[in-house]
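All remarks here apply to the structure that follows.
In structure tokens form, the structure reads like this:
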């Protein structure tokens, strides 16, 4: 009788253990295989360069072996050049890319003397099957915010043609430099910049800066400006052609101003003198629109 009871107790323990392991596996606690990232498969060669076009500027590249060489182009931040450093390498290798919109891409690479293609458009591939091949990366500067959600919010604001701010801007030399909108969401400001060129020559952009300045800084030269570094921007403006316009969105941490301070947004022309500034007050910051009033547009 005692042996029978022991056998039943052992069987019951095994059943409980089996269900416990199964439950853990279903919760994703047991199998890393369930959390793996699928990779793109591509071919490279020694004599020709493969180009990859990403939807966002490249932030980081990690090569899996010395059989590959890769670098970003000088003037286009979202294009990566890859080629084989060794002829006819036999072993499969890999590399990974992280872009500024928070996406992680993984590539399995094989050598081929005659690759099927030398140019890859990751934006097109991402739209076809984004969930399978791309994973979110949360940057430290985003304080744990989802980079994909932030990207979709910036995309929605970029496509939103409604101008919510009409009193902040500057016009000179045929250039209009405007703050088209200002939104706030979860401790982040979204500044929508509008640049319009009504002149007859292009306007090459050097950079756009954000800084907190003292309204009386001309008389008080010892006061130093406080430079604000945007967490990211949506669409860098390299140049605005004649009789054309462009937009960009800058993401900054939420802040307010002390008495006597203003936020100064400045744009500088590259190799030129058409520099424009506009001022944002504390009332403008406090009165920023709440993003939830706009419907989020998915791709």
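In the working numbering, the protein residues as written are 1 to 299.
Yeah, the Cβ is synthetic: ideal placement off N, Cα and C, and Gly gets one too.
Requested in this report: Can you give me the Cβ contacts of residue 165 inside the same chain, cut-off strictly under 7 Å, excluding the 5 residues immediately before and after it?
Outcome: Position 165 of the chain shown, counted from the first residue, corresponds to residue 165. Excluding sequence neighbours, residue 165 sits near 179, 180, 181, 182.
Query - C-alpha distance - residue 288 paired with residue 117, whole-angstrom precision - result: Taking the first residue of the chain shown as position 1, residue 288 is located at position 288. Taking the first residue of the chain shown as position 1, residue 117 is located at position 117. One C-alpha to the other measures close to 47 Å.
Query raised in the report: Cα separation between residue 89 and residue 149?
Result: Against the chain shown, residue 89 aligns to sequence position 89. Against the chain shown, residue 149 aligns to sequence position 149. So the alpha carbons of these two residues sit roughly 40 Å apart.
**Report entry** Proximity to residue 153 [Cα-Cα], best of 125, 185, 243
**Finding:** The sequence position of residue 153 within the chain shown is 153, counting from 1. Residue 153 has its Cα closest to that of 185, out of 125, 185, 243.
Query raised in the report: Hey, how far is the Cα of residue 71 from the Cα of residue 203?
Result: Here residue 71 is taken as the residue at index 71 of the chain shown, counted from 1. Here residue 203 is taken as the residue at index 203 of the chain shown, counted from 1. Looking at the two C-alpha atoms, the distance is approximately 29 Å.
**Report entry** Same chain only: Cβ atoms within 8 Å of residue 172, ignoring 5 sequence neighbours per side
**Finding:** Translated into the one-based positions of the chain shown, residue 172 becomes position 172. Excluding positions up to five away in sequence, the list reads 274, 276.
Query - residue 112 versus 263, 58, 83, residue with shortest Cα-Cα distance - result: As a first step, residue 112 must be located in the chain shown, where it is residue number 112. Among 263, 58, 83, the Cα nearest to that of residue 112 is on 83.
Query - With 16 other Cβ atoms within 10 Å as the buried cut-off, status of residue 109 - result: Taking the chain shown and counting its residues from 1, the one referred to as residue 109 is at position 109. Buried, since its Cβ has 16 or more Cβ neighbours within 10 Å.
Requested in this report: For residue 238, count neighbouring C-beta atoms within 10 Å of its own C-beta (all shown protein chains included) and say buried if the count is 16 or more, exposed if not.
Outcome: The residue given as residue 238 occupies position 238 in the chain shown. By the neighbour-count rule (16 or more Cβ atoms within 10 Å), residue 238 is not buried but exposed.
Query raised in the report: Unbroken alpha helix (DSSP H) runs of length 4 or more, entirely within the segment 182-224: which are they?
Result: Within the segment 182-224, no complete alpha helix (DSSP H) run reaches 4 residues.
Report task. Please state if the CB of residue 278 and the CB of residue 208 are separated by a distance shorter than 8 Å. Result -> Sequence index remark: in the chain shown, residue 208 carries index 208 (1-based). Sequence index remark: in the chain shown, residue 278 carries index 278 (1-based). Taking 8 Å as the Cβ cut-off, residue 208 and residue 278 do not qualify as a contacting pair.
**Report entry** Residue burial classification, residue 163 (beta-carbon count within 10 angstroms, cutoff 16)
**Finding:** As a first step, residue 163 is located in the chain shown; it is residue number 163 there, counting from the start. It is exposed - the Cβ of residue 163 has fewer than 16 other Cβ atoms within 10 Å.
Requested in this report: In the DSSP assignment, find the beta strand (DSSP E) that holds residue 170 and state where it starts and stops.
Outcome: Stepping through the chain shown from its first residue, residue 170 is reached at position 170. From DSSP, the beta strand (DSSP E) with residue 170 extends over 169-172.
Report task. Let me know the secondary structure DSSP gives residue 263 once reduced to three states. Result -> By one-based count along the chain shown, residue 263 stands at place 263. In the structure shown, residue 263 sits in a strand (DSSP, three-state: E or B).
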